[in-house]
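**Student:** Position one of the sequence shown corresponds to residue 54 (the numbering used here), numbered consecutively onward.
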Amino acid sequence: MKEENVIIKPWNSNSFKIALVYPNHYSAMAGLTVQTLYSLWNSHERVICERFFLPDNPSPLPSGGRFKPILSLENHIPLNQFDLIAFTFSYELDYPHLLWFLENAHIPFYRNQRNITPNGTNDIDFPVIIAGGATIRSNPLPLLSFLDAVFIGEIEPINSQFITTWFEASENSDYVSFSAIKSAFLNLLAKIPGFWCPQSDSVSIRDLPGKLFISHVIAKNLDEIPHPLAQIKPILNNQQQKKGEKEGEGLSSNIAFTDALFVEIARGCPHICRFCMTGNQVKPYRFRSLENIQKIILKGSSLTNISRIALIGSSVTDHSDFKEIAEFIISHGWGLNVPSIRIDKLTPEMAHLLQKGGMKTVTIAPETGSDSLRKRLNKHLTNIEIIQGARLLRKLNITALKIYVIFGFPFEQDDDIDQLIILLNQLCELGFGKRNIRVSLNPFIPKAHTPFETAVDAYLDPQMPQLKQKIKFIKRALQKNSKIQLSFMSLYEAYLQTVLALGDERFARLIEEWYRESLKPKDWYKYCLDDSHIWRQEISSYFQEIKSLPFGERPWNCIIHHVSPKWLQKQWNKSRR
Numbered sequence: 054m055k056e057e058n059v060i061i062k063p064w065n066s067n068s069f070k071i072a073l074v075y076p077n078h079y080s081a082m083a084g085l086t087v088q089t090l091y092s093l094w095n096s097h098e099r100v101i102c103e104r105f106f107l108p109d110n111p112s113p114l115p116s117g118g119r120f121k122p123i124l125s126l127e128n129h130i131p132l133n134q135f136d137l138i139a140f141t142f143s144y145e146l147d148y149p150h151l152l153w154f155l156e157n158a159h160i161p162f163y164r165n166q167r168n169i170t171p172n173g174t175n176d177i178d179f180p181v182i183i184a185g186g187a188t189i190r191s192n193p194l195p196l197l198s199f200l201d202a203v204f205i206g207e208i209e210p211i212n213s214q215f216i217t218t219w220f221e222a223s224e225n226s227d228y229v230s231f232s233a234i235k236s237a238f239l240n241l242l243a244k245i246p247g248f249w250c251p252q253s254d255s256v257s258i259r260d261l262p263g264k265l266f267i268s269h270v271i272a273k274n275l276d277e278i279p280h281p282l283a284q285i286k287p288i289l290n291n292q293q294q295k296k297g298e299k300e301g302e303g304l305s306s307n308i309a310f311t312d313a314l315f316v317e318i319a320r321g322c323p324h325i326c327r328f329c330m331t332g333n334q335v336k337p338y339r340f341r342s343l344e345n346i347q348k349i350i351l352k353g354s355s356l357t358n359i360s361r362i363a364l365i366g367s368s369v370t371d372h373s374d375f376k377e378i379a380e381f382i383i384s385h386g387w388g389l390n391v392p393s394i395r396i397d398k399l400t401p402e403m404a405h406l407l408q409k410g411g412m413k414t415v416t417i418a419p420e421t422g423s424d425s426l427r428k429r430l431n432k433h434l435t436n437i438e439i440i441q442g443a444r445l446l447r448k449l450n451i452t453a454l455k456i457y458v459i460f461g462f463p464f465e466q467d468d469d470i471d472q473l474i475i476l477l478n479q480l481c482e483l484g485f486g487k488r489n490i491r492v493s494l495n496p497f498i499p500k501a502h503t504p505f506e507t508a509v510d511a512y513l514d515p516q517m518p519q520l521k522q523k524i525k526f527i528k529r530a531l532q533k534n535s536k537i538q539l540s541f542m543s544l545y546e547a548y549l550q551t552v553l554a555l556g557d558e559r560f561a562r563l564i565e566e567w568y569r570e571s572l573k574p575k576d577w578y579k580y581c582l583d584d585s586h587i588w589r590q591e592i593s594s595y596f597q598e599i600k601s602l603p604f605g606e607r608p609w610n611c612i613i614h615h616v617s618p619k620w621l622q623k624q625w626n627k628s629r630r
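Next comes the structure, spelled out in C-alpha cells:
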C-alpha cells in the first residue's frame with residue numbers, strides 16, 4: 054500500500070533507531086497518537102522511527118521459531134534490529150498483542166529473562182522495551198514485568214531529554230557493548246520525569262522500601278509544542294475508496310478519515326465526570342490558541358491531500374474560540390468534523406456551523422437516561438436539554454445521531470434503565486429516519502484514578518448476572534423500534550477490560566496464558582470461567598482486595614496524577630448521597 058508523507062531515512066548504525074508499535078491494526082493512523090510520535094521522533098536528524106502494526110487475523114506463533122518476521126513499513130527492517138521498541142496502548146485488550154510482537158522478534162517476554170548483567174556481558178543484545186499511552190498512564194502494573202520502562206504522561210515536554218539520553222549513553226567511551234549502553238540508558242532515563250525503569254527482577258511495589266511515585270508529565274502550553282503537519286495518509290485507488298478497503302499484508306480493512314487533517318485543539322476535559330479517565334487524569338484542560346490552530350491547518354493542508362479538518366479533543370466545543378475555528382475551516386472550503394458535542398451547550402449558531410461544515414451525523418454522550426443518575430456521575434446534563442438540542446440538529450437537516458450510553462453504573466436502579474428507554478424513544482419522535490438513532494450501549498468499566506475506580510461489584514461474579522439482565526431488558530425494549538440501530542460491547546470484553554484496567558503485576562502471568570491460549574478475547578473469557586484454572590477465584594479475590602483498600606493505598610497509586618486520592622474519596626462520597 055502506498056502512503057503520502059511517509060518518512061524513509063537511510064539505515065544508519067549511528068542513529069537512534071526506534072520501532073514505533075501500535076499493537077493493533079493500521080486503522081490507528083486515523084488518529085493523532087501514532088502520527089504525533091512518528092513526526093516528533095523523525096524530526097530529529099539522528100533518529101530513525103519506523104512503524105509496526107498488528108497483521109490481520111493474527112494467531113499465537115508456532116513453537117520452534119518457524120514464522121515470518123514482521124517488518125517495518127518504511128525500510129522493511131525486523132523488529133529486533135531496532136535500538137528501542139516503543140509500544141503505545143489505548144486499549145487494555147491489546148496487552149497480549151505485545152507478546153505477539155516480542156515472540157515474532159525472538160525477544161523473551163519478561164524483563165528478568167533479558168536483564169542486563171552488571172558488567173554488560175549479555176551475549177544477546179535485546180532492544181529496550183518501553184510503553185506509554187492512555188491505559189499505561191492509568192495503570193501500567195499488569196504489563197510492567199514485560200517492560201524495561203514505562204512513560205506516564207505527554208511526551209513533548211521531555212522528548213529532547215529522552216533522545217539526548219540515548220546518545221549520552223551510547224557515545225560514552227566506557228560503554229563497549231549494546232547491553233552496557235542499554236543499562237546506562239535506563240539508569241539515565243529513570244531520572245527524567247514520567248519514566249519508571251524497574252531494572253530489578255522483582256517489580257512488586259509492595260516489596261519496595263517505602264513507595265515509589267511516578268508523576269504524570271503534561272505539556273503546560275499547547276502552543277509551545279509541535280503538531281504533526283505532514284500527516285501520513287494511505288493512497289487508495291478508486292475501487293478501494295468505494296469499498297473502504299486497501300491492499301497490503303497486516304493492514305486492516307477499516308481506514309477512516311483518509312481525506313482528513315487531524316488537528317488537536319485541546320487536551321483534557323473541563324467536565325470531570327466521576328467515571329472518566331480523561332477528566333480525572335488529564336488536567337488541567339488546555340487548548341491551543343486560534344492563531345496557532347489556523348497556522349497548523351494552513352500548513353498541514355499544504356502538505357497533505359485532504360478535504361476535511363477533523364478537530365481532536367475530548368471536549369472541542371468547549372474551546373473558547375470554537376465558533377471562529379469552525380468559521381475559518383468552512384470559509385476555506387473544507388469540511389468540518391468534530392468527535393462529539395456537549396448537547397447542553399449547543400446553540401443555533403453552533404448547530405448551523407456543524408451543518409454548514411458538512412456533518413450529517415452528530416455524536417453525543419448522555420451516558421444514561423436518568424437525570425438523577427447523571428448528577429451522581431457529576432454529568433451536568435438533563436433530558437430536556439438533550440431533546441431540545443436534538444430537535445435543533447434535526448431542524449438543520451442533521452440526519453443521524455450517534456449516542457453513547459453506559460449501563461451498570463454504581464447506584465443504578467431499574468428506574469434509571471426505564472428512563473433510558475423513554476429518552477431514546479423520545480429522540481426517535483423528532484424526525485430522524487430509519488436506523489438513524491445509532492445507540493452504542495456499553496457496560497460501565499471502572500478505571501484507576503477515578504472516583505469510581507473500585508466499583509467492581511458487577512464483575513465479582515464473572516458470569517455478570519446483573520449486567521446480563523440489564524442488557525437483555527434494554528435490547529428487548531428497543532428491538533421493535535425501527536429508528537434505532539443498536540450496537541454494544543460484549544460483556545466478556547468489559548470483564549476482561551476491568552481485569553486489566555485494575556490489575557497489578559501478578560496479572561502478567563494471566564496475559565501470557567491468554568496469549569498462549571488464543572488471540573481472541575472470547576477465548577480469554579472462557580479461560581477465566583474454567584473452574585480448572587485458578588484465575589476465576591483469583592480475579593474475584595483480587596477485586597474484593599482492592600475494594601477493601603482505601604483511596605491512595607491501591608496498587609496503582611504509585612502513579613501521581615493531578616487529582617489527589619483525598620479528592621477522589623470526596624467525589625466518591627458525593628456520588629453516594
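Beta carbons: idealized from backbone N, C-alpha and C, even for Gly.
From C326 to G332, what does the alpha carbon distance come to, in whole angstroms?
**Tutor:** As a working note, residue 326 is residue 273 in the sequence shown. As a working note, residue 332 is residue 279 in the sequence shown. Their backbone Cα atoms lie some 6 Å apart in a straight line.
**Student:** With which residues is T416 paired in a DSSP beta bridge?
**Tutor:** Looking up residue 416 in the sequence shown gives position 363. In DSSP, T416 forms a bridge with K455.
**Student:** Quick one: residues in its chain with C-beta nearer than 8 Å to the C-beta of L242, no 5 flanking neighbours on either side, listed in chain order?
**Tutor:** Residue 242 sits at position 189 when you count from the first residue of the sequence shown. These residues qualify, in order along the chain: A202, F215, T218, F248, C250.
**Student:** Assuming S80 and K500 make a contact with CB atoms under 8 Å, what is their CB distance in whole Å?
**Tutor:** Locating residue 80 in the sequence shown gives position 27, counting from the first residue. Locating residue 500 in the sequence shown gives position 447, counting from the first residue. Actually they do not touch by this definition, with Cβ atoms about 23 Å apart.
**Student:** Give the DSSP-derived three-state secondary structure of Y338 in the structure shown.
**Tutor:** Taking the sequence shown and counting its residues from 1, one reaches residue 338 at position 285. Looking at Y338 - three-state DSSP - the assignment turns out to be coil, as it is neither helix nor strand.
**Student:** If you count every other CB in all the chains shown that lies within 10 Å of the CB of I437, and 16 or more means buried, which is it?
**Tutor:** Reading the sequence shown from its first residue, position 384 is the one you call residue 437. I437 should be labelled exposed.
**Student:** Is DSSP giving F496 helix, strand or coil here?
**Tutor:** Taking the sequence shown and counting its residues from 1, the one referred to as residue 496 is at position 443. Just to set this straight, residue 496 is Pro in the shown sequence, not Phe. The answer is strand: DSSP assigns P496 an E or B state.
**Student:** Return the Cβ separation of L107 and N77 in integer angstroms, given the expectation that the two are a contact with Cβ distance under 8 Å.
**Tutor:** Counted from its first residue, the sequence shown places residue 107 at position 54. Counted from its first residue, the sequence shown places residue 77 at position 24. With 8 Å as the limit, L107 and N77 qualify as a contact, their Cβ atoms being about 5 Å apart.
**Student:** Just to confirm my understanding: we take H280, look at its own chain, exclude 5 residues before and 5 after, and list those with CB closer than 6 Å. What are they?
**Tutor:** Taking the first residue of the sequence shown as 1, we reach residue 280 at position 227. For H280, where only same-chain residues beyond five positions count, the Cβ hits under 6 Å are I349.
**Student:** Give the range of the alpha helix (DSSP H) segment to which N534 is assigned.
**Tutor:** Within the sequence shown, the letter at position 481 stands for residue 534. That residue, N534, is in no alpha helix (DSSP H); it is neither H nor E in DSSP.
**Student:** Using 7 Å as the threshold, is the C-beta distance between P111 and W567 below it?
**Tutor:** The count along the sequence shown starts at 1 and reaches residue 111 at position 58. The count along the sequence shown starts at 1 and reaches residue 567 at position 514. Their beta carbons are not under 7 Å apart, which means P111 does not touch W567 by this criterion.
**Student:** Can the beta-carbon of S143 be found less than 7 Å from the beta-carbon of G206?
**Tutor:** Walking along the sequence shown from the start, residue 143 turns up at place 90. Walking along the sequence shown from the start, residue 206 turns up at place 153. For S143 and G206, no; Cβs fall outside 7 Å.
**Student:** By Cβ distance below 6 Å, which residues in the same chain neighbour H614 in space, the five residues on each side in sequence not counted?
**Tutor:** In the sequence shown, the residue the question calls residue 614 occupies position 561. Same-chain partners within the cutoff: H269, Q334, H502.
**Student:** Can you tell me whether DSSP reads T435 as helix, strand or coil?
**Tutor:** Taking the first residue of the sequence shown as 1, we reach residue 435 at position 382. T435: coil per DSSP, three-state reduction.
**Student:** Could you give the DSSP three-state label for K62: helix, strand or coil?
**Tutor:** By one-based count along the sequence shown, residue 62 stands at place 9. Coil at K62, not helix or strand.
**Student:** Using a C-beta cutoff of 7 Å, does F199 count as contacting chain D?
**Tutor:** This model lacks chain D altogether, as it is built from one protein chain only.
**Student:** Can you name the residues that DSSP bridges to W249?
**Tutor:** Position 196 of the sequence shown, counting from 1, holds the residue named residue 249. DSSP output for W249 lists V203 as bridge partner(s).
**Student:** Let me check understanding here. Comparing Cα to Cα, which of S354, S213, K455 lies closest to G386?
**Tutor:** For the purposes of this step, residue 386 is identified with residue 333 of the sequence shown, where counting begins at 1. Of S354, S213, K455, the residue nearest in Cα terms is S354.
**Student:** Once DSSP output is grouped into helix, strand and coil, what is the label at E300?
**Tutor:** Residue numbering aside, residue 300 sits at position 247 when the sequence shown is read from its first letter. In this prediction, E300 has a pLDDT of 38, which is less than 50 and means its spatial position is unreliable; what the coordinates show is noted afterwards. Coil, per DSSP.
**Student:** Go ahead and pull the three-state DSSP assignment for N307.
**Tutor:** Numbered from 1 along the sequence shown, position 254 holds the residue referred to as residue 307. Confidence at N307 is low in this model, with a pLDDT of 45, below 50, so the placement of that residue should be treated as unreliable; the coordinate-derived value is given next. Three-state result, N307: coil.
**Student:** Which class does A72 belong to by DSSP, given the choice of helix, strand or coil?
**Tutor:** Translated into the one-based positions of the sequence shown, residue 72 becomes position 19. In this structure, A72 counts as strand in the three-state DSSP scheme.
**Student:** Mapping the DSSP letters down to three states, classify G572 as helix, strand or coil.
**Tutor:** Position 519 of the sequence shown holds residue 572. Note that residue 572 is Leu in the sequence shown, not Gly. Residue state, collapsed to three classes: coil.
**Student:** With H, G and I counted as helix, E and B as strand and the rest as coil, what does DSSP make of L430?
**Tutor:** Locating residue 430 in the sequence shown gives position 377, counting from the first residue. Three-state result, L430: helix.
**Student:** Based on DSSP bridge pairs, tell me the residues matched to R320.
**Tutor:** Residue 320 sits at position 267 when you count from the first residue of the sequence shown. Bridge partners of R320: R339.
**Student:** How big is the Cα-Cα spacing for N610 and D557?
**Tutor:** Walking along the sequence shown from the start, residue 610 turns up at place 557. Walking along the sequence shown from the start, residue 557 turns up at place 504. Looking at the two C-alpha atoms, the distance is approximately 11 Å.
**Student:** Could you give the DSSP three-state label for A272: helix, strand or coil?
**Tutor:** For the purposes of this step, residue 272 is taken as the residue at position 219 of the sequence shown. Coil at A272, not helix or strand.
**Student:** When the Cα of Q597 is compared with those of L555, N165, V59, which residue comes out closest?
**Tutor:** As a working note, residue 597 is residue 544 in the sequence shown. Taking only the C-alpha atoms, the option nearest Q597 is L555.
**Student:** In three-state terms, what does DSSP make of L241?
**Tutor:** Locating residue 241 in the sequence shown gives position 188, where the first residue counts as 1. In this structure, L241 counts as helix in the three-state DSSP scheme.
**Student:** On the CB-based measure, 16 or more other CB atoms within 10 Å of its CB, does E302 come out buried or exposed?
**Tutor:** Locating residue 302 in the sequence shown gives position 249, where the first residue counts as 1. Below a pLDDT of 50, predicted positions are generally treated as unreliable, and E302, at 38, falls in that range; the measurement from the model is reported next regardless. Burial call: exposed.
**Student:** For E706, which beta-bridge partners are listed by DSSP?
**Tutor:** Residue 706 is absent from the model: the chain starts at 54 and stops at 630.
**Student:** Where does A443 sit, in a helix, a strand or coil, going by DSSP?
**Tutor:** Sequence index remark: in the sequence shown, residue 443 carries index 390 (1-based). Note: A443 maps to helix in three-state DSSP.
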